[in-house]
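Q:
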Amino acid sequence: MEISIIILCLILSAFFSGMEIAFISSNKIYLGIEKKQDNFASQILTKLTENPSKFIAAMLIGNNVALVIYGFFMGDVVLRCITKLGYHFSDITSLLIQTVISTFIVLITAEFLPKVFFQIYANSLIKILAVPAYLFYRLFYYISTFFIWISDFVLRKFFKTEGDQVQLYFSKVELGNYITEQMNSVEDDDEVDSEIQIFQNALEFSGVKARDIMTPRTEIVDIDLFDSISDLKALFIETGYSKIVVSQNSLDDIVGYVHSFDLFKKPKTIKSVLMTVEFVPETILIKDALNILIKKRKNVAVVLDEYGGTSGIVTIEDIVEELFGEIEDEHDLDEELIEQELGEGKYLFSTRLDVEYLNETYKLMIPEEDSYGTLGGFIVNFTKEIPQKGEEIVIDQYHFVIEEATNKKIELVKMTIKE
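One gets this note's numbering by counting positions in the sequence shown from 1 and adding 136 to each.
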């Protein structure tokens, strides 16, 4: 009989301490959504969480009651076991042995293991065990109310602070975790709800830097300040872009940009329709870059590297797309990046593919550095110039053949991995 009571007390203690940590550790957004569901468990969950302080107090009271009963019976059981084994100790030694054994069992079975388990599966367990938790919550309701009143009185009287301030607030981390769980539950990225995707982008937005979203130097289409208007028109038609960067002698000396709409003004020179740009470092956060562009009423920012050279360009549209996803306009081209596995260790890649993506997808080990992000950037970073079509380049164990290229950038390469 005593053993059964001890086991029951340990189970109850594990339940109370586990529900306490589950309530604290659970995702508050998940709880809020579950409370909106139209079922019995959700109604119980709503009642449990309407007063967090009383729920936690009820769990603490239940845990203490279970431990007191456990200690009362466990002491006698341990003492009888010692006597049966033929050991005789002084009263103090016997008490010490009883305390150590009883505490060890409680810590393992009713504290450490349950709390770890309930913390890992907090969202699921608090919903599954909501009904028994509510029964104990109602059982200890008046006792917990009394103790909370006493504690609040002491806090107000002697410490001049307000008690009972526990609320179901949720943090940015909890929001991120919930959104990640929702996205991971969908197999196809196309099925992810657009609002969830925007929330995910918004959470990551504050940590994104200009170099992460910029158009890299090798992909910038520019025209010289002193070229003719007819050359500018031809470049707009060829690229389909709405904006063309204007440089003087080299990309390291960008003086502005021209918008295609300005051609309707029938300008005589590029300089007459030139619009100024802003200059920002690679490490600037895009939220700060956006504030600068809006404040100075500019649309394009030139991203500078640590030496003051042009690393790339970023526009307000690029920054907005980072938050809301791809924004298509009449100038956007539906370009599909090529990635083909031609055989063992042989690939055909568009140079705009990210190095990180290629390493993860094809189990490659292409070096990743802050100075470049794409495969084309990796090659140009090594050659220090734009390779021409048909040119062969060897970088460590990677052998590249340039399949398509212009005088401004590499388009397509064939890559072979040498042993």
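By construction, the Cβ of each residue, glycine as well, lies at the ideal position given by its N, Cα and C atoms.
Over what stretch of residues does the alpha helix (DSSP H) that includes Pro188 continue unbroken?
A: Within the sequence shown, numbered from 1, the residue matching residue 188 stands at position 52. Pro188 -> alpha helix (DSSP H) spans Pro188 to Lys220.
Q: Give the C-beta separation of Phe209 and Ile142 to the nearest angstrom, bearing in mind that I take them to be a contact with Cβ-Cβ under 8 Å.
A: Residue 209 sits at position 73 when you count from the first residue of the sequence shown. Residue 142 sits at position 6 when you count from the first residue of the sequence shown. Rounded, the Cβ-Cβ distance is 5 Å, consistent with contact.
Q: In terms of DSSP beta bridges, what is Val530 paired with?
A: Indexing the sequence shown from 1 puts residue 530 at position 394. In DSSP, Val530 forms a bridge with His535.
Q: Can you list the beta strand (DSSP E) stretches of 3 or more residues lying completely in the region 382–444, in chain order?
A: Counting only runs of 3 or more, we get 386–395, 414–417 and 436–440.
Q: Have a look at Tyr534 and Tyr508 and give me their C-alpha separation to the nearest angstrom.
A: Position 398 of the sequence shown, counted from the start, is the residue given in the question as residue 534. Position 372 of the sequence shown, counted from the start, is the residue given in the question as residue 508. In a straight line, the C-alpha of Tyr534 is about 17 Å away from that of Tyr508.
Q: Does the region 146–153 come into contact with the region 189–209, if we say contact requires no fewer than three beta-carbon pairs (one atom in each stretch) closer than 8 Å?
A: Taking 8 Å as the limit for Cβ pairs, the verdict is that the region 189–209 does touch the region 146–153.
Q: Give me the Cα-Cα distance between Ser366 and Ser383, rounded to the nearest whole angstrom.
A: Residue 366 sits at position 230 when you count from the first residue of the sequence shown. Residue 383 sits at position 247 when you count from the first residue of the sequence shown. Distance between the alpha carbons of Ser366 and Ser383 is about 17 Å.
Q: Return the CA-CA distance between His224 and Cys217, expressed in angstroms with no decimal places.
A: Your numbering for residue 224 matches position 88 in the sequence shown. Your numbering for residue 217 matches position 81 in the sequence shown. Cα-Cα distance, rounded: 11 Å.
Q: Grab the span of the beta strand (DSSP E) containing Gly479 for me, first residue to last.
A: For the purposes of this step, residue 479 is identified with residue 343 of the sequence shown, where counting begins at 1. Here the beta strand (DSSP E) through Gly479 covers Glu475 to Gly479.
Q: With a threshold of 7 Å on Cβ separation, who are the neighbours of Ala193 within its own chain once the five nearest residues in sequence on each side are excluded?
A: Along the sequence shown, read from residue 1 onward, the residue named residue 193 stands at position 57. Here the set comprises Ser280, Phe283 and Ile284.
Q: Comparing C-alpha positions only, which one of Ile430, Leu184, Ile420 and Val413 sits nearest to Val438?
A: By 1-based counting over the sequence shown, the position of residue 438 is 302. The shortest C-alpha separation from Val438 is found at Val413.
Q: Can the beta-carbon of Ser153 be found less than 9 Å from the beta-carbon of Phe276?
A: Locating residue 153 in the sequence shown gives position 17, where the first residue counts as 1. Locating residue 276 in the sequence shown gives position 140, where the first residue counts as 1. Not closer than 9 Å, so no.
Q: Pick helix, strand or coil for Asp326, following the three-state DSSP scheme.
A: Here residue 326 corresponds to residue number 190 of the sequence shown, with the count starting at 1. Interpretation of Asp326 is limited by its pLDDT of 49, a score under 50 that renders its predicted location unreliable; no figure is taken from the coordinates.
Q: Whole angstroms is fine: what's the gap from Ile449's alpha carbon to Ile529's?
A: Here residue 449 is taken as the residue at index 313 of the sequence shown, counted from 1. Here residue 529 is taken as the residue at index 393 of the sequence shown, counted from 1. For Ile449 and Ile529, the distance between alpha carbons rounds to 27 Å.
Q: Gln476: buried (16+ other C-beta within 10 angstroms of its C-beta) or exposed?
A: For this step, residue 476 is matched to residue 340 along the sequence shown. Exposed is the call here.
Q: Within the chosen definition, does the region 228–240 reach the region 257–274 through at least 3 CB pairs nearer than 8 Å?
A: No, the region 228–240 does not touch the region 257–274.
Q: Could one say the Cβ of Gly445 lies closer than 9 Å to chain B's Cβ atoms, at least one of them?
A: Given the protein chain composition of this structure (a single chain), no chain B is represented.
Q: By how many angstroms is the C-alpha of Lys550 removed from the C-alpha of Ile538?
A: Sequence index remark: in the sequence shown, residue 538 carries index 402 (1-based). Sequence index remark: in the sequence shown, residue 550 carries index 414 (1-based). Cα to Cα, Ile538 sits roughly 7 Å from Lys550.
Q: Report the residue from Ile546, Asp424, Thr542 and Ile553 whose alpha carbon sits nearest the alpha carbon of Gly512.
A: Within the sequence shown, residue 512 is the residue found at index 376, counting from 1. The shortest Cα separation from Gly512 among Ile546, Asp424, Thr542 and Ile553 belongs to Ile546.
Q: Leaving out five residues on either side along the sequence, give the residues of the same chain with a beta carbon under 8 Å from the beta carbon of Ile197.
A: Working through the sequence shown from its first residue, we reach residue 197 at position 61. Closer than 8 Å at Cβ, skipping near neighbours: Phe276, Ile279, Ser280 and Phe283.
Q: On a Cα-Cα basis, can you pick out the residue from Leu215, Thr239, Phe240 and Ile180 that is closest to Thr229?
A: Locating residue 229 in the sequence shown gives position 93, where the first residue counts as 1. That would be Leu215, whose Cα lies nearest to the Cα of Thr229.
Q: Where does Val267 land, buried or exposed, given buried means 16+ other C-beta within 10 angstroms?
A: Sequence index remark: in the sequence shown, residue 267 carries index 131 (1-based). So Val267 counts as exposed.
Q: Who pairs with Tyr483 in a beta bridge, going by DSSP?
A: Working through the sequence shown from its first residue, we reach residue 483 at position 347. Answer by DSSP bridge pairing, in chain order: Glu477 and Met551.
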